[in-house]
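Asker: My questions will all concern the structure given below.
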Ligand code: COI
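Numbering (full-length UniProt numbering), first residue to last: 1 to 415.
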């Protein structure tokens, strides 16, 4: 180790020894509700020091991996990205004015973009590393990495959104109102305070139906054939429910679940003129909002999958489908793409269809990266919720999503 490395590592250890200050959704909302310059500067400094500590924790975690794992190209790439980000955050001077905060937001936005390929890179790196780590250890490492990454992006994006809203409010001659001036009743930073699960489900259905060739089964032997009919999605239960949540995260999960349900149903009922409908049922209790998505797509059992929870695993030992050539190829392409992996459902579809915007029908199925379900599971757990897959073998799948609705749960255990 060179003297410089030794010094840098010493710095990392100093930060990694600090505790993180985990937040609840409610704290993020309350803090963001009434913004002024002083509070924004305070928020910027919190993000600056908190992200330095959170990245240091993950660097220390990566240093404890077996050497053969950290030297995989994709894992090494993520390690380098985090070192660079750690160094830049650590050396960013304290923010004292609004002008400095704006520079800070530009700096953070740049890093958010640079890190767009982290998830596919980790996913591929750990597919190849699976023989060298017990799968439980591999999955708990990935869970820490990904929950922590979500948490950092939430803090960063929330702060940027609060700043942008504040500036918009100020330029309209209402200084200091910030987030209150834009959709005051429904939106604080990146948090939707009255998110309607029904509206989100319908938005995802509309998006998916807009691009049937991406989600509905089509006979590969006969590419000229039409897609089989798109199953209907019925939304029922407590359809008037609203709760405070991050819309992008909620819709990421719903989009993924509906995409899988639509594909499985259209495949299983490919010879029928009217495939059975998919049912999305919403329920709201005193502490949680739940969504159950039920399909008749035949269930989840595959030759390589003995338990539905294996579909949440990043280990190729638990989920052999990770070693399929088309998945590895699709992951490689995503890592190399300048856009990396897009976070929102619109972006996922739009980027895919940019390949051939004139001819949406011929664009072909969305690439199967094998990331959607494990990431949905991680998103669900970030603020203390859960995702459970139940396979009714030979019949269909029920997926249960539970999310806390009071916003009082702290972010994931290790961030
Ligand atoms: C990530 O996206 O991996 C991050 O850590 C984001 C942060 C550098 C702003």
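Think of the CB as a built atom: it goes at the ideal place given N, C-alpha and C, for glycine as much as any other residue.
The structure displayed is predicted, hence computed values, not measured ones.
(1) Would the beta-carbon of residue 228 fall within 8 angstroms of that of residue 211?
(2) From what residue to what residue does the beta strand (DSSP E) around residue 400 run?
(3) Is any heavy atom in the ligand COI found nearer than 7 angstroms to the beta carbon of residue 247?
(4) Check whether the Cβ of residue 158 sits closer than 7 angstroms to any heavy atom of the ligand COI, and report yes or no.
(5) In this structure, how does DSSP classify residue 44 when only helix, strand and coil are distinguished?
(6) CB-CB under 6 angstroms to residue 268, same chain, minus the five flanking residues each way: which ones, in chain order?
(7) Look at residue 375 and residue 119 and say whether their C-beta atoms are less than 8 angstroms apart.
(8) Would you mind stating whether residue 414 and residue 148 have Cβ atoms separated by less than 8 angstroms?
(9) State yes or no: is the C-beta of residue 112 nearer than 7 angstroms to some heavy atom of the ligand COI?
(10) Going along the chain, which unbroken runs of the alpha helix (DSSP H) with 4 or more residues stay wholly within the region 196 to 224?
(11) Which residue comes first and which comes last in the alpha helix (DSSP H) that contains residue 127?
(12) Can you check which of these residues, 67, 25 and 83, is closest to residue 4 by C-alpha distance?
(13) Of all the options 88, 312, 56 and 241, which has the alpha carbon lying nearest to the alpha carbon of residue 200?
(14) Are the beta-carbon atoms belonging to residue 61 and residue 141 less than 8 angstroms from one another?
(15) Is the beta carbon of residue 53 within less than 7 angstroms of some heavy atom of the ligand COI?
(16) Do you know whose CA, among 24, 56 and 112, lies nearest residue 12's CA?
(17) Mind pulling the alpha helix (DSSP H) runs of 4 or more residues that sit fully within the region 238 to 293?
(18) Using the three-state DSSP reduction, which class does residue 360 fall into: helix, strand or coil?
(19) Return helix, strand or coil for residue 295, following the three-state DSSP convention.
(20) So what's residue 52 in DSSP terms, helix, strand or just coil?
(21) Just to confirm before moving on: does the CB-CB distance between residue 436 and residue 109 stay below 8 angstroms?
(22) Going by DSSP, name the residue or residues bridged to residue 29.
(23) Look up residue 140 in the DSSP assignment and say whether it is helix, strand or coil.
(24) Pick helix, strand or coil for residue 192, following the three-state DSSP scheme.
(25) Go through its chain and collect everything with a Cβ distance to residue 410's Cβ below 6 angstroms, but skip five positions before and after it.
(26) Starting from residue 302, follow its DSSP beta bridges and name the residues at the other end.
(27) Is residue 313 near residue 165, with beta carbons less than 8 angstroms apart?
(28) Would the beta-carbon of residue 275 fall within 8 angstroms of that of residue 266?
(29) Is it the case that the CB of residue 57 approaches a heavy atom of the ligand COI more closely than 7 angstroms?
(30) Near residue 422, which residues of its chain fall below 6 angstroms by C-beta distance, leaving aside the five closest residues on each side in sequence?
(31) Using a threshold of 8 angstroms, state whether the C-beta atoms of residue 422 and residue 292 are closer than that.
(32) For the ligand COI, is there a heavy atom less than 7 angstroms away from the beta-carbon of residue 417?
(33) Run through the DSSP bridge pairs and tell me what residue 391 is partnered with.
(34) List the DSSP bridge partners of residue 24.
(35) Label residue 310 either buried or exposed according to how many other C-beta atoms from any shown protein chain fall within 10 Å of its C-beta, with 16 as the threshold for buried.
Answerer: Judging by the given coordinates:
(1) no
(2) 396 to 404
(3) Residue 247: no, Cβ never under 7 angstroms from the ligand COI.
(4) no
(5) helix
(6) Apart from sequence neighbours up to five positions away, the residues of its chain that approach residue 268 with a beta-carbon distance below 6 angstroms are 297 and 298, ordered along the chain.
(7) yes
(8) yes
(9) yes
(10) Within the region 196 to 224, the complete alpha helix (DSSP H) segments at least 4 residues long are 197 to 210 and 212 to 215, listed from N- to C-terminus.
(11) 118 to 129
(12) 83
(13) 241
(14) yes
(15) no
(16) 56
(17) 247 to 268
(18) Confidence at residue 360 is low in this model, with a pLDDT of 45, below 50, so its placement is unreliable and no value can be given for it.
(19) strand
(20) Helix at residue 52.
(21) This structure cannot speak to residue 436, because the chain is shown only from 1 to 415.
(22) Per DSSP, none; premise fails for residue 29.
(23) Helix, per DSSP.
(24) strand
(25) The residues 22 and 24, in chain order, have a CB closer than 6 angstroms to that of residue 410 in the same chain once the five nearest residues on each side in sequence are set aside.
(26) Within the DSSP secondary-structure output, residue 302 pairs in a beta bridge with 305.
(27) no
(28) Their beta carbons are under 8 angstroms apart, which means residue 275 touches residue 266 by this criterion.
(29) Checking every heavy atom of the ligand COI against the Cβ of residue 57, none is found closer than 7 angstroms.
(30) Any answer about residue 422 is impossible in this case: the structure gives the chain only from 1 up to 415.
(31) With the chain covering 1 to 415 only, the question about residue 422 has no answer from this structure.
(32) The structure shown does not extend to residue 417, since the chain spans only 1 to 415, so no value can be given for it.
(33) 397
(34) 410
(35) buried
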